[in-house]
Amino acid sequence: MDRFIIRGGKPLHGKITIGGAKNAGLKLMVAGLLTAERLTLTNVPRIADIATMRDLLVQHGVGVEDLNGNGTSYAIGGEITNTEAPYDIVSKMRASILVLGPLIARCGKARVSLPGGCAIGTRPVDMHLKGLEALGAEIRLEGGYINATAPKGLIGDRIVLPFASVGATENLLMAATLAKGRTEIINAAREPEIGDLVSCLNKMGARITGTGSGTLVIDGVDALYGAEHRIMPDRIECGTYACAAGITGGDLKLVGGQVDDLGAVVRALEETGVEVSQEEDGMRVRRTGALRGIDIMTEPYPGFPTDMQAQFMAMLAVAEGASMITETIFENRFMHVPELNRMGARINVHGSSAIIRGVHALSGAPVMATDLRASFSLILAGLAAHGETILSRVYHLDRGYEAVEKKLAACGANIERVKG
Ligand code: EPZ
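Quick note, the sequence shown lines up with residues 1 to 420 if you use the UniProt record's numbering.
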């Protein structure tokens, strides 16, 4: 398993190119199941989860052609010859559950493994299943699999989500594009990645309105067609590198970064003492003064994103004063805390809140990645720490971030990957 060796203490200066959004790209690839024609996606991030999603789609029978041979543009399309999503793929990547709605909508049936939990929580899919049943699917759970049929096709309906679940919104949205009649999804998630998915689906011939409003209205059509779509920039990658500028006291240009997609994160950065500005080619982030402690609560968009919680905690660990972070989305997303404390942070977890008492400096140590965003919080801590940090289990990081060590080293970080 690869490891990172980081020697901290240097402010980062330079440019980092923000790639295509993982949490848009994965769903846009799944949208390719909704038509036999070619859906061409560009600005695809080269990360492990995208490769896993490619494997999943290929085993369904559709083609996933790497158009320029370097994993940045895919053409997806063809006939579905297998409507089963197997446990060995779904358990590796939970986003696989999103093939359920499209398979039922296009083929009238699906057999998809239940994803099971992951490091940050039990991650149930009850809202996905109840919503699909509302659209007329018959769902039976057996042997760890979801067996779904809709022999007469799906029928539009009004669905109220008890929680603004990103995945449930996306699964139901895609299924509804080919349902008969109108579907309304009330309390739909409003994340920008869903807007990107809606934009692509409408290019494919879907009829969807209400992006960002919390209510999505989908008028079903008989078929969807091929289209071309450029994946939006990854706002979480952008926010993550903004924390790198903040924690090291550096000055970074995040090329392709959009302040508008990161509203609550930008406000939190500025409250902490980090300056953020939108420039022609991206987002500029720098910190010249002291970092100040703040309180944060994670919420569905447009609130502070849970996917930025671990990264912010690393930065607040060296801020002046105390901070409190309350995690309201996932029940177990503080696994970076013990690792940060091993580096000298002073963080106490009380239920869904973490109290952070800022320290003057962290010290490098051997630490272990536990999940995607926690991995990066430990890198951020290592970039600011005195001495050497060795981060193991970097495969967690490679699932969702492209070329981290290259992007950071290009801005002056002393970081190297040791293959192992
Ligand atoms: C998506 O996960 C993202 N993943 C997550 O990013 C992100 O943290 C999350 O949305 C919230 O923004 C992808 O897009 C691939 P949810 P998802 O359904 O769709 C509960 C990352 O680091 N819930 O909004 O699974 C669930 O347990 C990843 O990039 C139910 O109870 O998130 C959780 O507590 C991590 N029943 C909460 O809702 C359901 O049927 C939010 O889940 C569905 C969800």
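Even glycine gets a Cβ: it sits at the ideal position worked out from N, Cα and C.
Who are the near neighbours of residue i in its chain, counting only those whose CB is closer than 6 angstroms to its CB and skipping five residues on each side?
i: residue 388; result: 7 and 364
i: residue 60; result: 80 and 82
i: residue 97; result: 115 and 125
i: residue 192; result: 261
i: residue 235; result: 261 and 262
i: residue 294; result: 271, 272 and 323
i: residue 366; result: 390
i: residue 24; result: 193, 196, 231 and 232
i: residue 87; result: 113
i: residue 129; result: 139
i: residue 267; result: none
For ligand 1, I want to know if residue i counts as a neighbour, meaning its beta carbon is within less than 7 angstroms of at least one of the ligand's heavy atoms.
i: residue 86; result: no
i: residue 359; result: no
i: residue 128; result: yes
i: residue 116; result: no
i: residue 94; result: yes
i: residue 329; result: yes
Given residue i, which residues of its chain have a CB within under 7 angstroms of its CB, disregarding the five upstream and five downstream residues?
i: residue 36; result: 77, 78 and 79
i: residue 380; result: 243, 244, 247, 311, 314 and 315
i: residue 123; result: 94, 115 and 117
i: residue 227; result: 39, 200, 203 and 204
Look at the Cβ atom of residue i, then the Cβ atom of residue j, and state whether they are nearer than 8 angstroms.
i: residue 272; j: residue 292; result: yes
i: residue 358; j: residue 322; result: yes
i: residue 262; j: residue 411; result: no
i: residue 274; j: residue 254; result: no
i: residue 176; j: residue 214; result: no
i: residue 5; j: residue 394; result: no
i: residue 212; j: residue 181; result: no
i: residue 131; j: residue 159; result: yes
i: residue 11; j: residue 210; result: no
i: residue 259; j: residue 283; result: yes
i: residue 149; j: residue 134; result: no
i: residue 47; j: residue 400; result: yes
From residue i to residue j, what does the alpha carbon distance come to, in whole angstroms?
i: residue 325; j: residue 340; result: 15 angstroms
i: residue 170; j: residue 361; result: 42 angstroms
i: residue 231; j: residue 256; result: 12 angstroms
i: residue 205; j: residue 90; result: 29 angstroms
i: residue 265; j: residue 152; result: 45 angstroms
i: residue 352; j: residue 304; result: 15 angstroms
i: residue 343; j: residue 390; result: 11 angstroms
i: residue 188; j: residue 167; result: 10 angstroms
i: residue 422; j: residue 409; result: Absent from the model: residue 422. The displayed extent of the chain is 1 to 420, so no value can be given.
i: residue 173; j: residue 72; result: 26 angstroms
i: residue 147; j: residue 65; result: 29 angstroms
i: residue 39; j: residue 198; result: 14 angstroms
i: residue 9; j: residue 63; result: 47 angstroms
i: residue 34; j: residue 104; result: 10 angstroms
i: residue 240; j: residue 17; result: 12 angstroms
i: residue 144; j: residue 113; result: 6 angstroms
i: residue 69; j: residue 30; result: 20 angstroms
i: residue 57; j: residue 111; result: 14 angstroms
i: residue 347; j: residue 335; result: 12 angstroms
i: residue 376; j: residue 397; result: 7 angstroms
i: residue 386; j: residue 127; result: 46 angstroms
i: residue 119; j: residue 320; result: 30 angstroms
i: residue 404; j: residue 416; result: 10 angstroms
Leaving aside the five residues before and after residue i along the sequence, list all residues of the same chain whose C-beta is less than 8 angstroms from its C-beta, in chain order.
i: residue 121; result: 330, 331, 332 and 333
i: residue 279; result: 253
i: residue 201; result: 31, 34, 173, 174, 177, 208 and 224
Of all the CB atoms in chain D, is at least one closer than 8 angstroms to the CB of residue i?
i: residue 373; result: Here chain D cannot be found, since the structure has a single protein chain.
| Any beta strand (DSSP E) of 3 or more consecutive residues that is wholly inside the segment 104-180 | 109-113, 138-142, 145-149 and 158-160
| task | At 4 residues or longer, and completely inside the segment 303-362: list those alpha helix (DSSP H) runs for me, N to C. | result | 309-316 and 336-342
| message | Which runs of the beta strand (DSSP E) at least 3 residues long sit entirely within the segment 210-279? Give them in chain order. | response | 215-219, 227-230, 251-255 and 275-279
| Unbroken stretches of the alpha helix (DSSP H), 4 residues or longer, contained in the segment 62-100 | 87-90
| message | I'd like the ranges of any alpha helix (DSSP H) spanning at least 4 consecutive residues and lying wholly in the segment 18-59. | response | 22-31 and 48-59
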